[in-house]
Amino acid sequence: MTASNGLTVADASSDVSVLAGSVPLGGLAPFLIGLVVAVALTWAVWLGIRVRRREPARPRPEEQPRLPEGGPVHEVRERREPDEVPRSDERLTPHQLKGQGTVGSKRSDDQEPDRWSSGSSGAFGSGGPGNQT
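According to the UniProt record's numbering, numbering within the sequence shown proceeds without interruption in unit steps and concludes at 133.
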């Protein structure tokens, strides 16, 4: 018996048997991939446990940092006077300056922060009237 596409019934049944034979092999590949992924994840957990055992123990509560006797330390906001750079005809390098940058500046007598005038926006070079309402 010949079908409309020119194949006989025997040819069609052999094609079906070939497809049916390849299905078990098609199911084997995802199983093997899943097995490889499961083994890799198990190995990663085992390795993580080994690494964690080699790490030093966590600090006990009595080893944790404590607050100072006077309570928490807060930020100090103050204006400082800059140290002047000495005048010289020669170029000065950082190591020739006083204290190599480790000497602190002195506290300024004027502790009021600089404020811009109420008519300006505070933007650099804008020249505009700013945000006046």
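Just so you know, even glycine gets a beta-carbon here, dropped at the ideal spot from N, CA and C.
Keep in mind it's a predicted model, so treat the numbers as computed, not measured.
- Taking one beta carbon from each stretch, the stretch 67–83 and the stretch 43–57 have fewer than 3 pairs nearer than 8 Å; the two do not touch.
- Cα atoms of L97 and V85: separation of roughly 8 Å, rounded to the nearest angstrom.
- Secondary structure at R52: helix, using DSSP grouped into helix, strand and coil.
- When Q111, A29, V37 and P30 are compared, the shortest CA-CA separation from R77 is found for Q111.
- Here D83 has S105 as same chain residues with Cβ atoms under 6 Å from its own Cβ, once five neighbours each way along the sequence are excluded.
- Excluding sequence positions up to five before and after L92, its CB lies within less than 8 Å of the CB of V85 and P86, all in the same chain and listed in chain order.
- The same chain holds no residue with a CB closer than 6 Å to that of L35 once the five nearest residues on each side in sequence are set aside.
- Between R107 and E90, the CB-CB gap reaches or exceeds 9 Å.
- In this structure, R79 lies near P113, with their beta-carbon atoms less than 9 Å apart.
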